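Step one of this worksheet: look at the structure below.
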Amino acid sequence: MDAVMQTNMGEIEDSTVRPKVTDAKGILKQNRQFLDYFWDIAKPEREIRLKAIEDLIEHLKQSEKPDELKYSLKRLVDGLSHTRDDARSGYSVALAQLLSVFEEISLKSTLDSIKEKHNLQRAKKKLIRNAAFGNFFGVLALSQSTRLQKEPQVMLECVKLLQSLSQYREHLRDLPRKTMVDILSETPKEVFEELLLSALQSDLTSALNTPEQLELLLVAMQKFPSVLKPKKLKKLLGATAVITKENMPKLVEVLKTAARSVKKDNILPPVAFDLLQVSLREDSFEMFWNEAIIKGMMSEMPGPTHYLGFRLLGASLPLLSVPQLEFVLSGDVMRYYGQHMLSAQLAYRFKFAPEMEKYVSEFMQGCADADKQLAVALSFTQLTNQGYPVVPSSWKVLEHMDLCALQKYVEWLMEAFCKPQLEKCLDFSTRRQKGNQETEVESDSCVVRFRKWIVPRLSFIVENHQIKKEEGLVMKMARFIFFHAFFDVKKPTPEIPETVQALSVPIDQQTRATISSAFYGLLQGLNSMAALGDSPEAERLNSRRILGVKADGSMWIYCVVQYATTLLNQSKHVQSVQTLSPEQRQGWDSMLESVEALRKKAKKSSSPEHTAFQHLFLLVGIQMFKAPDESLELLNDLRTCVEKAQAKKSKKKKANGDSCEEPHWVEVVVEILLSLLSQPSRLVRSVCKAVFSRICPHLTQEALSSILNVLDPYKDEDESGVMVTDEKEKKRKHKEEDKQDDEEEDDEEEVRLTDEEGSDSSSSSDDEDEAMEERKEVDQNFRLDLMKVLQGQNALATEEDGSDEEELDDAAMMKLDGSLASLFLEQKKKIQAKKDEKDRLRKEKVLVRDFKIKVLDMVEMFLSKQGSSALVLGMVEPLLGVIENGMSSETSQQEQDFLRKAADIFRNRLCRAKYYCRETEGREAELHEMLERLISRAQKLTDSSVSLYYFSAALYVLKVLRGVVSEQDSANASTPAELRLMGKVDVERVTTCFRNALTSFLTKRKSPLTGAMFIDLFSRFPVLCVNLLDTAVENITAGVREHQQGQACLMVLRSLQSKDVKNLMSDAQETELHQKVVDQLAKSFEDVQCKNKMVREKIVKALELCQHLVRSIHNQKMSVNLEPLQKVLKSMNAEGSLQKPGQLEDTYWSVMKLFCILKPKIEKVKKVVEAEQTEETTKKKKKKGFLPETKKRKNRKKPTVLEGKETAASTEGASGGEKKNKKKNKRKPQGGEGEERQNQPATKKAKTQPQQNKKKKKGGQQDADGK
């Protein structure tokens, strides 16, 4: 056999004639760059693909090698069916460019190779998608080569191929149709008429059968109207037009088929849109809409056909005239759309509203005709369900509305509010509504529903800053809403335009409450509105970011108050819904006087003090129409505060002459705002936010201290505004009983709900405590009282009594009943009083916490607006106190929300703020002391999470001390001198402070500090990192535990990886540092044993540091002695314990690889073979000596059936234990019927098994004894 093999091999070697491969010359071997072009063509980056295509074409031009051209053509054709989209498009573009440049390549042969390579008939099922894409991108490349028009036959074959690809719509979607349209659009008229028309004759004749064939006809009609004239259509379709009554049934079926084909895609079928365009060209749009859409598509059940009608409605908007728009938008399609809007409110239902909104938005953007915009807006507004429009009041489509159309639309809304013409609306009712209502819906209720929608729509127009509007229109809407919220018409007058339009149906109380709440929401929008218009004054105000004012500088709310004054003075023509008392009217007038006085002062000297007080007066005064008594009291307090502020300023001016001092008015305003915030009212909260945002730039240290004192957990509750809260709460409750103010009731309900939610977690424990206390009282005090009563009436049996049969007479029993009733009633009152006291305290606590959350809003606003102020530094420690106290306090939901908000403000608004304090002149000593306090406090805490906040605060103070100079230089710093710039930081003092903290962390067992804190310090301040590196290096071995040693290794690793740290050290220092680290690592690896998880983690971190260290030493060629480290590392694997897979082992061998020591390979195959051999031998041995033959014969001869089955089971277990286990597993899950099917002996066997086991045990013991 060997001789034969040798002769065969000799013949092969001696043979000189070998068949040569086509590519053996070597395109692939000669030019590697040529192959790289094809790799780059398939890359995801578009720029790389285009560059590779350009380079490939240029290379083929210069080389002029036919083999390369042939290979390129084959390679590009093969790549058309690539699995990635980017690669397919890249190969298609490259093929198109190749065919365009090299005209000697035949399009016919290229198309044949495409069909051959991507044959859909022979492709496997998994590759059908790729083959379809290969055919499509091949045709696309041919069409983009600009040579297809020169070869009509190839064009014809391409069109036929695209037609065949239409059946793969799930993969290609409508790409073949678009390509066919592109081909037909570039086809000359003569070619289409002479060649393509005859080839497409059968498809055009049967155009009404399938959507694809109809689409081809419609595209041809659109591109070649002179060819497909009515006479030609008569021959093809039997009619001179497409939209006819005879063709309508077939068109409906085609549309239904098209609708179902795009069910999953949620798109409008192109054939439907083309049919719509044909109907407009043939002047048969109404017939097409009525017959095909309403009677055809909408007659089906809700589903794809309805959605096609809705999409066709939205797509047709830009094509229709105003009469056609009114015809379409007032028909049954809109009614069906309204029903869909209601039924689609469930979560699992498909919602078409976003698509329709997109269609209408695109129409509004592209339409310049105000009449068309108005017609569309009115039609969707008039689509109502029992008077309520289905379109939401906050409709973003209005953002693209023209100003002229918007003005007309607003006028229509106001007129519809006063005199709703519901008969003109397209109203509908759902099936459930029709079934539930026995009689027709009253027109008054429909009017109420319509009005409740109109007012929010007007408010949305005002509040949305994207809608273009004028000041006059905004003021008109604000006046309209204010008037109908608080006034009624007595007699029309032209001086008040709102009285001219009479109400057809009076406004009920519920609607008026809705309008009132909408007005106060509108006020908030006006206060945050930028100046309108393009005038220079408006641009100047917007550049200064002044909000809530008109272009002339007057506030919007002042204009509303002036209008309210006009209405109050016109008592003959209008009447206020809530009549103001003489005191309240006097308060209103005095408020106006104060505002006018402040306006005069502001004109003389523009001071923010005047603006803030003016804003407060107006915001509180406008509440007079909602809560007159409360507003009157607040106005009096405001007036008193203003007088005090003016008196303080005048006294200080007299005492100190004309010297400039800090304005104390800010402190007064802050006190007023804090007193207002103690009230549970949303409007008051918004008032305080608006005013505080204006006075933030002028806040003083005293004013900020008054805010922080509220948050101080160590202050008394009386100092934090609790008494104010309680008094206001009692007064508000008494007023609510008389006035029944709706909004204040809602606010109280919210407070009650938050009370219940906040105390939910602790309510169960409180109830248990109360129950225990009640039991104790019953057991002691109440029992004694009860004994006294019973003994006083001789109703209690004693030992002296001879018998228990003596009974009291009726009078004594009645007297005893009265005494017991009074006793129990008194006890019940005591228990209820204690419960009420606890509820009061709990509610008070909830109100205090809610008040503090509102104050936190003020702190957040100040930090966001004045983050670079020097006052921010005084907020660091108070906020830390709030967080520390919150961590150790109760765990109610409200307390958690308060703590979470405080922590978020401290972390994001203070420590991570983009703008921070840069005014540290003269405060260096104070800031250094604060830094030391923060670090020392961080070390004394027990909770690591709280310590993290203190450490972050210390880093923030350090950043403030460093200043902005070093940050600007650090970006371009290249020399150590530039990197060492630390601003006003006392580097030695700060280094000592952080070194003590680092030593404490690494040498104490229980420390709240973490390694991540110091890593953050090292990365942000490289100068301190260099100073503290020695301490970290020493503790690689001196750390108190393995965890601290591992953290020291991690700190050193992150420091050595920093470029700034490298730049700060000289070469000698860096070499010395590396030598120290190497020595420490060698010492740490001596006699190490992986006895637990902590040790393994420490070794992993040390090995990672070692890996970076050795690599950097080798790269920089430092003179560092690595031999001790190498010896220690070798000794770690002396017993071969580090050859198993794992993170520790992998890191170890990656380090050893740097010393040119590779991990030894383990021969696993031999061990497996040996293991298999040992298993086979053991099995054989077990089979040989299992049971004696004598015993087997005995078991077989036993006459009992039970024992015979036992022996069978035993033999089965001896021969094949797997079968026995399978049978047991099958028997276990059986129950019920399965148990009844089992025969009787099997159950007996189960009972006798314990006895057999006992016998076996005895036998085993005997054998053992024998041994």
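Heads up: the sequence shown begins at 641 in this note's numbering, then just goes up one per residue.
Heads up, the beta-carbon is just placed ideally off N, CA and C, and yes, glycines get one too.
Computed from a predicted model, the values in this text were never measured in an experiment.
Report task. Out of T897, G1261, A1510 and G971, state which residue places its alpha-carbon closest to the alpha-carbon of W929. Result -> Mapped onto the sequence shown, residue 929 falls at position 289. The shortest C-alpha separation from W929 is found at G971.
Query raised in the report: What is the DSSP secondary structure of Q1215, reduced to helix, strand or coil?
Result: Residue numbering aside, residue 1215 sits at position 575 when the sequence shown is read from its first letter. The answer is strand: DSSP assigns Q1215 an E or B state.
Query raised in the report: Between K829 and D814, what straight-line distance do the alpha-carbon atoms span, to the nearest angstrom?
Result: Along the sequence shown, read from residue 1 onward, the residue named residue 829 stands at position 189. Along the sequence shown, read from residue 1 onward, the residue named residue 814 stands at position 174. When rounded, the distance between both Cα atoms is 25 Å.
Query raised in the report: Using a Cβ-Cβ cut-off of 7 Å (strictly less than) and excluding sequence neighbours within five positions of P1662, which residues of its own chain qualify?
Result: On the sequence shown, residue 1662 is found 1022 positions in, with the first residue counted as 1. Cβ within range, chain order: L1619, S1698, D1700, V1701 and L1704.
**Report entry** Spatial distance of K1541 from I1335 (CA atoms)
**Finding:** Here the question's residue 1541 lines up with position 901 in the sequence shown. Here the question's residue 1335 lines up with position 695 in the sequence shown. K1541 and I1335: Cα-Cα distance of roughly 23 Å.
Report task. Could you work out which residue in S1333, R1660, S1156 and A1171 is closest to P1248 when comparing CA atoms only? Result -> Position 608 of the sequence shown, counting from 1, holds the residue named residue 1248. Of the candidates S1333, R1660, S1156 and A1171, the one whose C-alpha sits nearest the C-alpha of P1248 is S1333.
**Report entry** alpha helix (DSSP H) segment containing L1693, residue limits
**Finding:** Within the sequence shown, the letter at position 1053 stands for residue 1693. Where L1693 is concerned, the enclosing alpha helix (DSSP H) stretches over E1682 to Q1697.
Query raised in the report: Mind checking H722: buried by the 16 CB within 10 Å criterion, or exposed?
Result: Reading the sequence shown from its first residue, position 82 is the one you call residue 722. The residue is buried, with at least 16 neighbouring Cβ atoms inside 10 Å.
Query raised in the report: Would you call K1822 buried or exposed, if buried means 16 or more other Cβ atoms sit within 10 Å of its Cβ?
Result: Walking along the sequence shown from the start, residue 1822 turns up at place 1182. The predicted position of K1822 is uncertain, since its pLDDT is 48 and thus under 50; no value can be drawn from it.
Requested in this report: Use the C-beta contact count for W679: other C-beta atoms within 10 angstroms, 16 or more gives buried, fewer gives exposed.
Outcome: In the sequence shown, residue 679 corresponds to position 39, counting from 1. By the 10 Å Cβ count, W679 comes out exposed.
Query raised in the report: Is it buried or exposed for I681, if we count other Cβ within 10 angstroms and need 16 for buried?
Result: Within the sequence shown, numbered from 1, the residue matching residue 681 stands at position 41. I681 is buried by the Cβ-count criterion.
Query raised in the report: Near G1514, what residues of its chain come up, given a Cβ to Cβ distance below 7 Å and the 5 sequence neighbours on each side ignored?
Result: Taking the sequence shown and counting its residues from 1, the one referred to as residue 1514 is at position 874. Taken in chain order, the residues that qualify are Q1341 and L1344.
Requested in this report: Round the Cβ separation of T1650 and S1576 to the nearest angstrom and send it over; I've been treating them as touching at under 8 Å.
Outcome: Within the sequence shown, numbered from 1, the residue matching residue 1650 stands at position 1010. Within the sequence shown, numbered from 1, the residue matching residue 1576 stands at position 936. Their Cβ separation, rounded to whole angstroms, is 17 Å, which puts T1650 and S1576 out of contact at 8 Å.
Query raised in the report: Closest to V794 by CA distance: which of I1523, A839 and K885 is it?
Result: What you label residue 794 is simply residue 154 of the sequence shown in a count that begins at 1. Of the candidates I1523, A839 and K885, the one whose C-alpha sits nearest the C-alpha of V794 is A839.
**Report entry** Distance, V1516 Cα to D1544 Cα
**Finding:** On the sequence shown, residue 1544 is found 904 positions in, with the first residue counted as 1. On the sequence shown, residue 1516 is found 876 positions in, with the first residue counted as 1. Going by the C-alpha atoms only, they are around 13 Å apart.
Query raised in the report: Between which two residues does the alpha helix (DSSP H) carrying V1675 extend?
Result: Taking the sequence shown and counting its residues from 1, the one referred to as residue 1675 is at position 1035. Strictly speaking, residue 1675 in this sequence is Asn, with Val absent from that position. It spans P1662 to A1678 - the alpha helix (DSSP H) in which N1675 sits, taken as one unbroken run.
Query raised in the report: Taking the alpha carbon of S741 as the point to measure from, which residue in S804, E694 and F777 has its own alpha carbon closest?
Result: Mapped onto the sequence shown, residue 741 falls at position 101. Reading the sequence as shown, one finds Val at residue 741 and not Ser. Of the candidates S804, E694 and F777, the one whose C-alpha sits nearest the C-alpha of V741 is E694.
Requested in this report: Please work out which residues of its chain come closer than 7 Å, Cβ to Cβ, to P1029, disregarding the five sequence neighbours upstream and downstream, and give them in chain order.
Outcome: Reading the sequence shown from its first residue, position 389 is the one you call residue 1029. Only T1021, L1023 and W1093 meet the Cβ criterion.
Query raised in the report: I think V1201 touches L1258, with their Cβ atoms under 8 Å apart; what is that distance to the nearest whole Å?
Result: To locate residue 1201, count along the sequence shown from 1; it is residue 561. To locate residue 1258, count along the sequence shown from 1; it is residue 618. At roughly 6 Å, the Cβ-Cβ gap stays under 8 Å, so V1201 and L1258 are in contact.
Requested in this report: Have a look at A1158 and L953 and give me their C-alpha separation to the nearest angstrom.
Outcome: For the purposes of this step, residue 1158 is taken as the residue at position 518 of the sequence shown. For the purposes of this step, residue 953 is taken as the residue at position 313 of the sequence shown. A1158 and L953: Cα-Cα distance of roughly 34 Å.
Query raised in the report: CA-CA distance, K665 and F674?
Result: Along the sequence shown, read from residue 1 onward, the residue named residue 665 stands at position 25. Along the sequence shown, read from residue 1 onward, the residue named residue 674 stands at position 34. Reliability of the predicted coordinates at K665 is poor, the pLDDT of 42 falling under 50, and the value obtained from them is presented with this limitation in mind. In a straight line, the C-alpha of K665 is about 15 Å away from that of F674.
Query raised in the report: With respect to the alpha helix (DSSP H) encompassing N1755, which residues constitute its N-terminal and C-terminal limits?
Result: Residue numbering aside, residue 1755 sits at position 1115 when the sequence shown is read from its first letter. Per DSSP, N1755 belongs to the alpha helix (DSSP H) from K1733 to Q1756.
Query raised in the report: Using CA coordinates, which residue listed in S1759, S1083, K1644 and S1211 is at the minimum distance from V1680?
Result: Locating residue 1680 in the sequence shown gives position 1040, counting from the first residue. Minimum Cα distance to V1680 is reached at K1644.
**Report entry** Rounded separation between K755 and S783 - CA only
**Finding:** Translated into positions along the sequence shown, residue 755 becomes position 115. Translated into positions along the sequence shown, residue 783 becomes position 143. Straight-line Cα distance between these residues: approximately 16 Å.
Query - For V1050 and I1101, believed in contact at Cβ under 8 Å, the rounded distance - result: Numbered from 1 along the sequence shown, position 461 holds the residue referred to as residue 1101. Numbered from 1 along the sequence shown, position 410 holds the residue referred to as residue 1050. Their Cβ separation, rounded to whole angstroms, is 7 Å, which keeps I1101 and V1050 in contact under 8 Å.
Query raised in the report: Do you know how far the Cα of V962 is from the Cα of Q1319?
Result: To locate residue 1319, count along the sequence shown from 1; it is residue 679. To locate residue 962, count along the sequence shown from 1; it is residue 322. Spanning the two alpha carbons is a distance of roughly 54 Å.
Requested in this report: Using 10 angstroms around the beta-carbon of P1060, count the other beta-carbons present and answer buried if the total reaches 16, otherwise exposed.
Outcome: Taking the sequence shown and counting its residues from 1, one reaches residue 1060 at position 420. Flag for P1060 reads buried.
Query raised in the report: What's the C-alpha gap between S1033 and R1097?
Result: By 1-based counting over the sequence shown, the position of residue 1033 is 393. By 1-based counting over the sequence shown, the position of residue 1097 is 457. Whole-angstrom Cα-Cα distance: 5 Å.
Report task. Could you tell me whether the Cβ atoms of E1524 and V1597 are closer together than 8 Å? Result -> Locating residue 1524 in the sequence shown gives position 884, where the first residue counts as 1. Locating residue 1597 in the sequence shown gives position 957, where the first residue counts as 1. Against a cut-off of 8 Å, the Cβ pair of V1597 and E1524 comes out as no contact.
Query raised in the report: Quick one, are the C-beta atoms of A1330 and N1167 less than 8 Å apart?
Result: Along the sequence shown, read from residue 1 onward, the residue named residue 1330 stands at position 690. Along the sequence shown, read from residue 1 onward, the residue named residue 1167 stands at position 527. Taking 8 Å as the Cβ cut-off, A1330 and N1167 qualify as a contacting pair.
Query raised in the report: Considering only residues of the same chain and omitting the five flanking positions on each side of K1738, which have a CB-CB separation below 6 Å?
Result: Counting from 1 along the sequence shown, the entry for residue 1738 is found at position 1098. Here the set comprises E1682, Q1685 and G1686.
**Report entry** Residues that N1167 bridges to, as DSSP identifies them
**Finding:** Reading the sequence shown from its first residue, position 527 is the one you call residue 1167. N1167 pairs with nothing; no bridge assigned.
Requested in this report: Take I1655 and list the residues in its own chain whose beta-carbon comes closer than 8 Å to its own, dropping the five residues that flank it on each side.
Outcome: Taking the sequence shown and counting its residues from 1, the one referred to as residue 1655 is at position 1015. Once the five neighbours on either side are set aside, the close Cβ partners of I1655 are L1690, M1691 and R1694.
Query raised in the report: By the 10 Å Cβ neighbour count, where 16 or more other Cβ atoms means buried, how is M1427 classified, buried or exposed?
Result: In the sequence shown, the residue the question calls residue 1427 occupies position 787. Per the 10 Å Cβ criterion, exposed.
Requested in this report: Decide if L1798 is buried, meaning its Cβ has at least 16 other Cβ atoms within 10 Å, or exposed.
Outcome: Here residue 1798 corresponds to residue number 1158 of the sequence shown, with the count starting at 1. Flag for L1798 reads exposed.
Query raised in the report: Smallest Cα separation from H1040: which of D1479, L836 and Q1013?
Result: As a working mapping, residue 1040 is identified with position 400 in the sequence shown. H1040 has its Cα closest to that of Q1013, out of D1479, L836 and Q1013.
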